[in-house]
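Have a look at the structure below, then the notes.
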Amino acid sequence: MSSALIHVLACIGTVVCLFTAERLVDFVLFHFRTPAKPLEAYRRRGPNPAYALITGGSAGIGYGIAQALVKNGFGVILLGHKADELASAAAKLTAQVPPAYWCTAEAVDAAAFVKTVVMDAQTATPQEMEDALRAAVVEPGLRVSILVNNVGSVPIAVPAWRELATYSAAEVDCVIDLNTRFMARLTALMLPVLTHNGAGDDGHGMSFGTHRRSLILNLSSAGAVGLPWMVMYGATKAFNLAFSRGLARELELSASTRHIDCLCLVPGDVRSQGNNLGSSRGSPDSDTYGGYVVNRVDGAVRRGWREFSPFWLHHLQLVLVDLIPEGMRTKGVVDLMTQKKTAWEAMEKPKNQ
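Right, here's the structure in full:
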């Protein structure tokens, strides 16, 4: 082997090693360095809090994100279809608002930090959505700087884990309506609110702050890779990923919307109210995961990412899934889904069988 070829190979090896080392250091910094004041760019000046509208915010990952936000001084608007569940979640969140945030605000108490909107994301018409948002956000003058498109599920008759051929036409539409159609319509309705970046004053000459940023978080899933027995769910989550990437690029093209950051959140297995059987070892619970989300957004935006996984193990799993051959990928996905399917079928099986 000639010395020139040896030098070329050595240079290539050095570049690969340096690139790998840089990626490893960045991975560690992203996941294990916590900001002192997360999401500071999305706050608004003045006596009242900046709000986040969170769909499906009364339970699971949505509630976990809401909890992390109120602990950091943000107000939250929980959107869900169960009034009693929303009321219970609102009461728990109100109790967690730090006094340092509401004791110093003019005519604001802890209850003002948590609002609710009762709406069925699966069946709401465009007019119902517009009317509800006008009443909940526009008319009260709430300054919403964050939209979290979290709601998603498999709203079909049990068993939920089954082949696509067993879905009725109505069940196919139900999954699409809940997981994608509502998100797209809501985002379009909320863009004018998020475009308004906080200009104005509080009536006492204090600026609310111009050039403040807004944020859209769209939830996808590691299931976007394609899931047996959950074909429709995985497909809608792949839609959410493409939707979020496209919207992020579109918002950057206009000076009037360039201040809106758009990120896709890609969770792996998270233990929650709706995902509590057959979970992978090491899966975080939804409350803990919500904290990861809030603490990692700034790092993802700063790096110019379109999507992110805030829990280090999920991030590592997604990287490996992209690298391995399709045969290994399929085996891993099928093994995990079989584990979950078996656990759910055992739970749904009548006691006397």
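With the numbering used here, the residue at position 42 of the sequence shown is 56, and numbering never jumps. Even glycine gets a Cβ: it sits at the ideal position worked out from N, Cα and C. Owing to the predicted nature of the structure, the values given are computational and were not obtained by experimental measurement.
Starting from residue i, trace the beta strand (DSSP E) both ways and give me its first and last residue.
{"i": "T69", "result": "65 to 69"}
{"i": "L156", "result": "Where L156 is concerned, there is no enclosing beta strand (DSSP E), given that its DSSP letter is neither H nor E."}
{"i": "V132", "result": "128 to 132"}
Give me whichever residues DSSP pairs with residue i in a beta bridge.
{"i": "R89", "result": "Here residue 89 turns out to be Gly, not Arg, going by the sequence shown. Answer is Y65, bridged to G89."}
{"i": "S286", "result": "N289"}
{"i": "M321", "result": "Reading the sequence as shown, one finds Glu at residue 321 and not Met. Bridge partners of E321: C278."}
{"i": "D349", "result": "Per DSSP, none; premise fails for D349."}
{"i": "I230", "result": "L161, C276"}
{"i": "L299", "result": "The residue you asked about is not Leu; residue 299 is Asp in the sequence shown. R285."}
{"i": "K96", "result": "DSSP, once it has assigned bridges, lists no residue as partnering K96."}
How about residue i and residue j: are their beta carbons less than 8 Å apart?
{"i": "N289", "j": "N254", "result": "no"}
{"i": "G240", "j": "A82", "result": "no"}
{"i": "M133", "j": "A146", "result": "yes"}
{"i": "V84", "j": "V42", "result": "no"}
{"i": "F127", "j": "G89", "result": "yes"}
{"i": "N163", "j": "L205", "result": "no"}
{"i": "I91", "j": "K129", "result": "yes"}
{"i": "L161", "j": "I230", "result": "yes"}
{"i": "V189", "j": "T250", "result": "yes"}
{"i": "E359", "j": "W175", "result": "yes"}
{"i": "L277", "j": "A314", "result": "yes"}
{"i": "I274", "j": "L267", "result": "no"}
{"i": "T271", "j": "T209", "result": "yes"}
{"i": "R320", "j": "R259", "result": "yes"}
Under a Cβ-count criterion, where at least 16 other Cβ atoms within 10 Å of its own Cβ denotes burial, should residue i be classed as buried or exposed?
{"i": "S235", "result": "buried"}
{"i": "G341", "result": "exposed"}
{"i": "G217", "result": "Because the pLDDT of G217 is 43, which lies under 50, any placement of that residue in the model is unreliable, and the number read from its coordinates should be weighed accordingly. Classification for G217: exposed."}
{"i": "S182", "result": "exposed"}
{"i": "M220", "result": "Only weak support exists for where M220 lies, its pLDDT of 36 falling under 50; the value from the coordinates is given anyway. It is exposed - the Cβ of M220 has fewer than 16 other Cβ atoms within 10 Å."}
{"i": "G78", "result": "buried"}
{"i": "R58", "result": "buried"}
{"i": "S428", "result": "Residue 428 cannot be examined here, being either before or after the span of the chain that is shown, 15 to 367."}
{"i": "S17", "result": "exposed"}
{"i": "A121", "result": "Caution applies to A121, whose pLDDT of 47 falls short of 50 and renders its modelled position unreliable; the model cannot decide the point."}
{"i": "P173", "result": "exposed"}
Would you mind working out which of the options sits nearest residue i, comparing C-alpha positions?
{"i": "R310", "options": "G27, E36, R47", "result": "R47"}
{"i": "S323", "options": "V280, K363, R317, K345", "result": "V280"}
{"i": "R285", "options": "I75, V39, G71, R317", "result": "I75"}
{"i": "L93", "options": "P63, F196, A179, L178", "result": "F196"}
{"i": "A50", "options": "D349, V308, H210", "result": "V308"}
{"i": "M351", "options": "A252, G260, M244", "result": "M244"}
{"i": "E185", "options": "H210, T137, S294", "result": "T137"}
{"i": "A64", "options": "G87, R37, M246, Q353", "result": "G87"}
{"i": "P113", "options": "D123, A104, D98, K106", "result": "D123"}
State the start and end residues of the unbroken alpha helix (DSSP H) segment that holds residue i.
{"i": "P140", "result": "140 to 147"}
{"i": "R199", "result": "196 to 209"}
{"i": "A252", "result": "245 to 265"}
{"i": "E185", "result": "183 to 190"}
{"i": "E36", "result": "17 to 46"}
Quick one: does the C-beta of residue i sit closer than 7 Å to a heavy atom of the ligand HEM?
{"i": "R176", "result": "The ligand content of the structure shown is nil, which means the ligand HEM is not present either."}
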